[in-house]
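This report refers to the structure that appears directly beneath it.
Number of protein chains: 2
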Amino acid sequence: MATRSRAVRPRANSDTRARILDAARALVARHGYAGTSITMICRAAGINASSLYWFFASKEELFLAVIEEGAQTFLEAVSAPRDGTAREDAVASVSRQLTEHALFLRVLLVMMLEARELSPAFRARMEELRARSLDWWRALLAPMCAPADLDEFAVLCRATINGAFIAEQFGEPVSVERVMRRLLKLL
Amino acid sequence: MATRSRAVRPRANSDTRARILDAARALVARHGYAGTSITMICRAAGINASSLYWFFASKEELFLAVIEEGAQTFLEAVSAPRDGTAREDAVASVSRQLTEHALFLRVLLVMMLEARELSPAFRARMEELRARSLDWWRALLAPMCAPADLDEFAVLCRATINGAFIAEQFGEPVSVERVMRRLLKLL
DNA sequence: CCTACTCTGTAGCTATCGCTACAGATTTGT
DNA sequence: ACAAATCTGTAGCGATAGCTACAGAGTAGG
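Those sequence lines, one after another, are chains A and B.
In the working numbering, each number is its position in the first sequence, counted from 1, plus 264.
In the working numbering, each number is its position in the second sequence, counted from 1, plus 264.
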């Protein structure tokens, strides 16, 4: 429930803001949205609640910022595979990014499941990310499959990697990269 | 935190117990474990807290029962594909079961992500379910693929269906059954 | 140095959390 | 019919949730 609306204009030691975001991301990835309290975040970030509320108007706005920032850096890192790039490189690169941004991706998953009537902004951001993921697969698959099958294959591949990511995160001996290579060999 | 330990022996209108389990399952599927309060469950089940705590010693024990009961009925419904059964039928049957037990499966997913240092009993039950799922795939794939590839293909297939299930639950126009058929055509 | 703005600590608000004591209602075995 | 066992309602416990008022420290520009 945002009461005051204010443009955040951080200054000097505004790495505080970044530390809050980091703490929030890590904690929500492990405990879920409802399971992560403001107090926990503050303790992890080494500040107290009033500082947090200076940067973010509410818990919801804080996590909107987590998604926003995470989406931005993730999308920057995982750009569409260049035409020149070898397929092998694209696979290695993207699976590296997945583990590097695992915390953020877990946050996304948690929020997708633990939907709890969040603001439409959340939903919109997630839909955009999922659409981008589909695009990435379409670009990768385009040269090697019939146009009629493209969409369905992209959906299938994205689903597979999502599932493999979850298995990996759950601690099973599953490698996203390995699954990804297997899958591409099939197509 | 279970203080008293007692064997539950329900009697007359012990459909109360079932109503509590139903409410808990539905709510945790939508809001996560931490996001579902005892009060919410009681309101949904049409009882009050002291009744709930007569049947279950704690919130954790309640959700352990949700998992336990869900796992049992789910495993009964989705038995291993018979040798005689046509592959098509097995696929149709299992994907029907997936949507029929969607709430329970969401609970599982939520608990896997929102791990929050739960009792080992949770973890054990989930590992069993995931192992069973792998077995199901191995049985289905055995007649149509090299033994050397069996394990890896089973892992891949399970991952795909997990991912497709999530997409479907998120509200995307993805059909688990359709994805499943596509996948089997590839193999 | 002074004023304005940016950030942080203290202290505490109301609401709800998980949970319980306990009396009473209901059902069961004998 | 009577005692024992099974359930349910009232009322409230201590702890923590999200959040805020407010005083004051730190910093920047003039």
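We treat Cβ as the ideally placed atom computed from N, Cα and C, and that holds for glycine.
- Using a Cβ distance threshold of 8 Å, A/Phe368 and A/Leu328 do not count as a contacting pair.
- Within chain A, the residues placing a beta-carbon under 7 Å from that of B/Ala379 are Arg294, ordered along the chain.
- Taking the Cα positions, A/Tyr297 is about 28 Å away from B/Phe338.
- Bounds of the alpha helix (DSSP H) holding A/Thr303 are 302–309.
- The C-beta separation of B/Val440 from B/Glu432 comes to about 6 Å, placing the pair in contact by the 8 Å criterion.
- With contacts defined by Cβ atoms closer than 8 Å, B/Leu451 and B/Met408 form a contacting pair.
- Within the segment 320–375 of chain B, the complete alpha helix (DSSP H) segments of 4 residues or longer fall at 323–341, 351–364, listed in chain order.
- A/Ser359 places its beta carbon less than 8 Å from that of A/Met444.
- One Cα belongs to B/Leu448, the other to A/Glu416, and the distance between them is close to 13 Å.
- With three or more CB-CB distances shorter than 8 Å, the segment 284–300 of chain A counts as touching the segment 375–384 of chain A.
- With a 10 Å radius around the Cβ and a threshold of 16 neighbouring Cβ atoms, B/Ala428 comes out buried.
- For B/Ala418, the enclosing alpha helix (DSSP H) has its first and last residue at 411–434.
- Cβ contact annotation for B/Tyr317 (same chain, cutoff 6 Å, sequence separation greater than five): none.
- Where A/Pro384 is concerned, the enclosing alpha helix (DSSP H) starts and stops at 384–405.
- In chain order, Arg389, Leu393 place their CB closer than 7 Å to the CB of A/Ala335, counting only its own chain and leaving out the 5 sequence neighbours on each side.
- At the C-beta level, B/Leu291 and B/Ala313 stay beyond 8 Å of one another.
- Counting only residues of its own chain and dropping the five nearest sequence neighbours on each side, A/Ile311 has a CB closer than 8 Å to the CB of Thr280, Arg283, Ile284.
- B/Ile305 places its beta carbon 8 Å or farther from that of B/Ala321.
- Against chain A, a Cβ distance below 7 Å from B/Glu416 picks out Arg446.
- One thing to note: A/Val371 has its Cβ within 8 Å of the Cβ of A/Ala293.
- The contact set of A/Val358 on chain B, defined by CB atoms closer than 9 Å, is empty, because the minimum CB distance reaches about 15 Å.
- In the displayed model, A/Glu441 falls within a helix according to three-state DSSP.
- Straight across, the Cα-Cα distance linking B/Asp399 with B/Pro411 is about 14 Å.
- Taking the CA atoms as reference points, B/Lys323 sits about 34 Å from B/Cys421.
- Residue contact check for B/Ile425 against chain A: a CB pair falls below 8 Å.
- Among the CB atoms of chain B, one or more fall inside 8 Å of the CB of A/Met376.
- For B/Ala412, the nearest beta carbon of chain A is not closer than 8 Å to its own beta carbon.
- In the three-state reduction of the DSSP assignment, B/Leu451 falls in the coil class.
- Looking only at A/Glu364, A/Phe319, A/Val342, A/Ala395, the smallest Cα-Cα distance to B/Glu436 is reached by A/Ala395.
- Annotation: the continuous alpha helix (DSSP H) that includes A/Ala288 extends over 279–295.
- The beta carbon of A/Glu364 is closer than 6 Å to none in its chain, skipping five residues each way along the sequence.
- In this structure, A/Ile331 and B/Asn426 do not form a Cβ contact; the two beta carbons are roughly 22 Å apart against a cut-off of 8 Å.
- Interface residue (Cβ-Cβ distance to chain A less than 8 Å): B/Val443 is classified as such.
- Going by beta carbons, A/Ala341 and A/Gln361 fall inside the 8 Å limit.
- Look at A/Tyr317: its C-beta is not under 8 Å from any C-beta on chain B.
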